[in-house]
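A.B. asks: Numbering (our numbering), first residue to last: 5 to 752. Note that CB positions come from ideal geometry on N, CA and C, so glycine has one too. This one's a predicted model, so the numbers in the text were calculated from it and none came from an experiment.
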């Protein structure tokens, strides 16, 4: 059995099924998946049931069956074997209903914060190496007590061979550290920096943590893939303190709430509820009802909500009685902290108390971020990674490729045996700790999946740290243009066959080095995996100050308004900015590279409306605030892909006092019409078989909806499981490199 079949209760399921059908033999984990040796009269029925009755977290990719000698014995679960690793590693899964009922019940696990079974609990974040057995996880320091061992060995128990099984008598312990005291719910087992610190006393850490939150305190909470910072989502004072201490002035906070709490603060459609209940428990973007303080998500109409996904989170939310901010525990720009000692050092001065435990986090994993309407993964992380993705038809003979992605939203991709392993979000690689996590991930994924790369794929940009790392590896190198990689990622997500016809790709993002050496970002491409043609692009504009233009939206507004003969409007909108100095630099071509960036066009329009005009406090702030404005307007005109007429219409509306929401709508609809018209024409002319919408700008639900409306009746490919932003680049790079390699081999 190949696929996601380890750590999901597959062996006990097979054991019970074989016993039910009167078969003899054995089942075991090995490097390729789950190996079954079985004999008996009902083998055909057994084979059929393996696929139809598999456990809820299992994903069966292939069943390979052949005759073999089988030892006649009562069917058993045999010890795991090694060998070549081809199996998936199971992502972490949210607490299942059975375990949640047990925590709330009267048995020996009542209130126990580390309750789990074969259908839920930690997997990837505790795994050190395959095969997936307790000795190879961070549960190894916690020997099972007799009661847990009896459950582990009982085929009728849902914890039969559940590797993270634990209870208060033998498992990890929970404690709360605050003001030199440590409130502990059991004996100390950890040592050194991971052990409790301060004067020890017995008590209920969760109840005391809830009281601290109710007083407006900020709590550091150790979860599955790292620490979170929590505070009362209804307390403006606590929210302001958290923003000040974390140095995060405007970026929206994620929330944690039960489904009932979420329904009180957001408008939940059925699709939202289904995604909230998913075992991955991602942060789900939903429409807020305006009942929480503005400090939760300044300028936004959407909220990011996840349900409690560990017993500890359930206990904390229930003890507190309301929604909590649950944002990654780090200083702005740094990765999430994972160790107890690291948390004390890095979060001093931010957190008032620490809710900790002594089970080590082997891998840092941020929370996944997703949207249900339309379905889209925006950040692939906890609960989704390291799930594999099937390669499209035609890639069966693909070489083993290692693709290293881009500079922002780092992620790597490994191709092997018809599958693509797209890593979790690793952060922005210009940050030292994120780059360290990136280099560790390369070695970690290669070891976990027994992957020996034959080919390395990187971005064209020589300054990207991922590109530089790939060049140092000494392997055959495939350099892939940034926007071609975006297009290929969308094609791969949609399982577009290698041998299918060309696609028109509308690729809208911030920046990427083009094949002509200029900065691209608003592209219409025509092609497929092996080759691509740049058909059209947004009219170029200088980036005054280079990278500073991405931080200060007024700079982009200035050059776009000047290009539309609206320099006087720029003077009125930005009277205190060094306009003439910038204009002279642009005229002289000093630090003002030309770019077709759609991201900078969004910044320019937002700045005209006074949204984060002087400086963005986080990536995409201006565009997100622009998207959040509500109103209705007629599409603004473009001259082909030149936005100058759009800015003249915008100027007219500003002078007439048209509401900002209507201006935002006119811009979104006008841009969608401008980019979709030539793409639709390529399909109508027979030059393209479909249109693909990709790039970070398509995280914008408003733009995506407008483009889908413009392309009604045309086959359209969009992202679902692979992020449209740079988090999906590595998949596109891997597919392009593999396709070209196979093409060259065929030609030879």
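Restricting to runs no shorter than 4 residues, where is the alpha helix (DSSP H) found entirely within the stretch 395 to 456?
C.D. replies: The stretch 395 to 456 contains these whole alpha helix (DSSP H) runs: 436 to 452.
A.B. asks: Between residue 743 and the ligand NAD, is the CB less than 7 Å from at least one heavy atom?
C.D. replies: With respect to small molecules bound, the structure shown includes none, and the ligand NAD cannot be examined in it.
A.B. asks: Using the Cβ count rule (16 or more neighbours within 10 Å means buried), how would you classify residue 191?
C.D. replies: Exposed: under 16 other Cβ atoms inside 10 Å.
A.B. asks: With distances taken Cα to Cα, identify the nearest neighbour of residue 363 among 379, 354, 744 and 342.
C.D. replies: The option with the nearest alpha carbon to residue 363 is 342.
A.B. asks: Please state whether DSSP places residue 541 in a helix, a strand or coil.
C.D. replies: DSSP places residue 541 in strand when its eight states are reduced to three.
A.B. asks: Taking the straight line between their C-alpha atoms, what separation do you get for residue 529 and residue 263?
C.D. replies: Each residue's Cα considered, the two are about 42 Å apart.
A.B. asks: Where does residue 95 land, buried or exposed, given buried means 16+ other C-beta within 10 angstroms?
C.D. replies: Result: buried.
A.B. asks: Considering only their Cβ atoms, is the gap separating residue 38 from residue 18 smaller than 8 Å?
C.D. replies: Contact flag set, yes.
A.B. asks: If contact is defined by three or more beta carbon pairs under 8 Å, each pair taking one atom from either stretch, is the stretch 180 to 191 in contact with the stretch 371 to 384?
C.D. replies: Judged by Cβ distances under 8 Å, the stretch 371 to 384 makes no contact with the stretch 180 to 191, as fewer than three pairs qualify.
A.B. asks: Can you tell which of 56, 537 and 30 has its C-alpha closest to the C-alpha of residue 76?
C.D. replies: Among 56, 537 and 30, the Cα nearest to that of residue 76 is on 30.
A.B. asks: Can you give the Cα-Cα distance for residue 397 and residue 541, rounded to whole angstroms?
C.D. replies: So the two alpha carbons sit approximately 30 Å from each other.
A.B. asks: Mark residue 256 as exposed unless 16 or more other C-beta atoms lie within 10 angstroms of its C-beta, in which case mark it buried.
C.D. replies: So residue 256 counts as buried.
A.B. asks: From which residue to which residue does the beta strand (DSSP E) around residue 374 run?
C.D. replies: That run of the beta strand (DSSP E) goes 373 to 376.
A.B. asks: On the CB-based measure, 16 or more other CB atoms within 10 Å of its CB, does residue 6 come out buried or exposed?
C.D. replies: Buried, by the Cβ-count rule.
A.B. asks: Sorted by chain position, which residues of the same chain lie with C-beta nearer than 6 Å to residue 402's C-beta, five sequence neighbours on each side aside?
C.D. replies: Cβ within range, chain order: 419 and 742.
A.B. asks: Just to confirm, are residue 55 and residue 122 a CB contact at a threshold of 8 Å?
C.D. replies: Result no, Cβ atoms of residue 55 and residue 122 do not sit closer than 8 Å.
A.B. asks: Cβ atoms of residue 678 and residue 573: under 8 Å apart, would you say?
C.D. replies: It is not a contact, given that the beta carbons lie outside the stated cut-off.
A.B. asks: In three-state terms, what does DSSP make of residue 250?
C.D. replies: Three-state DSSP puts residue 250 in a helix.
A.B. asks: Who are the Cβ neighbours of residue 1 in its own chain at under 8 Å, not counting the five residues just before and after it?
C.D. replies: Coverage of the chain is limited to positions 5 through 752, which leaves residue 1 absent and any answer about it impossible.
A.B. asks: Quick check on this structure: which residue in 42, 491 and 227 has the alpha carbon closest to the alpha carbon of residue 74?
C.D. replies: With distances taken between Cα atoms, residue 74 lies closest to 42.
A.B. asks: Is it a yes or a no for the stretch 290 to 302 touching the stretch 103 to 116, going by three-plus beta-carbon pairs under 8 Å?
C.D. replies: The answer is no - the stretch 103 to 116 does not touch the stretch 290 to 302, with fewer than three Cβ pairs under 8 Å.
A.B. asks: Tell me the DSSP secondary structure of residue 383 in three-state form.
C.D. replies: Strand, per DSSP.
A.B. asks: Express the C-alpha separation of residue 219 and residue 238 in angstroms, rounding to a whole number.
C.D. replies: Approximately 12 Å between the Cα atoms of the pair.
A.B. asks: Where residue 57 and residue 475 are concerned, what is the direct C-alpha to C-alpha distance, given to the nearest angstrom?
C.D. replies: Roughly 47 Å between the two C-alpha positions.
A.B. asks: Could you check what DSSP says for residue 33 in three-state terms: helix, strand or coil?
C.D. replies: Note: residue 33 maps to strand in three-state DSSP.
A.B. asks: With a CB to CB cut of under 8 Å and the five nearest residues on each side skipped, what residues in its chain are close to residue 451?
C.D. replies: The answer, listed in chain order, is 133.
A.B. asks: Smallest Cα separation from residue 275: which of 378, 322 and 504?
C.D. replies: Checked all of 378, 322 and 504; the closest Cα to residue 275 is 378.
A.B. asks: Leaving out the 5 sequence neighbours to the left and right, which residues in its chain are closer than 6 Å to residue 283 when beta-carbon positions are compared?
C.D. replies: Contacts found: 97 and 98.
A.B. asks: Whole-angstrom Cβ separation of residue 445 and residue 416, contact assumed at under 8 Å?
C.D. replies: Yes, they are in contact, since the Cβ atoms of residue 445 and residue 416 sit about 6 Å apart, within 8 Å.
A.B. asks: Go ahead and pull the three-state DSSP assignment for residue 458.
C.D. replies: Here residue 458 sits in coil by DSSP.
A.B. asks: Is residue 322 helix, strand or coil when you go by DSSP?
C.D. replies: Note: residue 322 maps to helix in three-state DSSP.
A.B. asks: For residue 439, which residues in the same chain have their Cβ closer than 7 Å to its Cβ, ignoring the five residues on either side in sequence?
C.D. replies: Contacts found: 433 and 469.
A.B. asks: DSSP three-state call for residue 114: helix, strand or coil?
C.D. replies: In this structure, residue 114 counts as coil in the three-state DSSP scheme.
A.B. asks: Helix, strand or coil: which one does DSSP assign to residue 230?
C.D. replies: DSSP places residue 230 in coil when its eight states are reduced to three.
A.B. asks: Does the stretch 455 to 470 come close enough to the stretch 687 to 700 to have 3 or more Cβ pairs within less than 8 Å?
C.D. replies: No contact exists between the stretch 455 to 470 and the stretch 687 to 700.
A.B. asks: Apply the 10 Å Cβ neighbour rule to residue 745 and answer buried if 16 or more other Cβ atoms are within range, or exposed otherwise.
C.D. replies: By the neighbour-count rule (16 or more Cβ atoms within 10 Å), residue 745 is buried.
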